[in-house]
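Visitor:
Residue numbers (our numbering): 7 to 38.
See the structure below:
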(Lines of atoms letter the chains of each structure in order from A; the text may use other names.)
(Lines give C-alpha, C1' and ligand atoms only; values in the text may rest on other atoms or scores of the structure.)
Protein backbone atom coordinates (compact mmCIF):
# COMPACT_ATOMS: atom_id res chain seq x y z
CA UNK A 7 0.00 0.00 0.00
CA UNK A 8 2.62 2.57 1.02
CA UNK A 9 4.70 1.65 -2.01
CA UNK A 10 1.78 2.48 -4.29
CA UNK A 11 1.21 5.78 -2.49
CA UNK A 12 4.85 6.83 -2.72
CA UNK A 13 4.80 5.93 -6.42
CA UNK A 14 1.81 8.25 -6.91
CA UNK A 15 3.60 11.03 -5.03
CA UNK A 16 6.74 10.58 -7.13
CA UNK A 17 4.63 10.83 -10.28
CA UNK A 18 3.00 13.94 -8.76
CA UNK A 19 -0.46 12.57 -9.49
CA UNK A 20 -1.49 13.27 -5.90
CA UNK A 21 -0.64 16.26 -3.75
CA UNK A 22 0.74 16.07 -0.23
CA UNK A 23 -2.50 17.50 1.16
CA UNK A 24 -4.55 14.88 -0.66
CA UNK A 25 -2.19 12.21 0.64
CA UNK A 26 -2.69 13.40 4.24
CA UNK A 27 -6.47 13.35 3.78
CA UNK A 28 -6.30 9.83 2.40
CA UNK A 29 -4.15 8.61 5.31
CA UNK A 30 -6.49 10.24 7.85
CA UNK A 31 -9.48 8.52 6.24
CA UNK A 32 -7.76 5.12 6.30
CA UNK A 33 -6.64 5.53 9.92
CA UNK A 34 -10.17 6.47 10.99
CA UNK A 35 -11.56 3.41 9.22
CA UNK A 36 -8.97 1.18 10.91
CA UNK A 37 -9.83 2.56 14.36
CA UNK A 38 -13.49 1.80 13.67
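Where is the CB? At the ideal position from N, CA and C, for every residue including glycine. These numbers come from a predicted model, not from an experiment.
What's the C-alpha gap between residue 14 and residue 30?
Guide: Approximately 17 Å, taken between the alpha carbons.
Visitor: Where does the unbroken alpha helix (DSSP H) through residue 9 begin, and where does it stop?
Guide: From DSSP, the alpha helix (DSSP H) with residue 9 extends over 8-16.
Visitor: Can you name the start and end residues of the alpha helix (DSSP H) that residue 20 belongs to?
Guide: Counting along the chain, residue 20 falls outside any alpha helix (DSSP H), and DSSP gives it neither H nor E.
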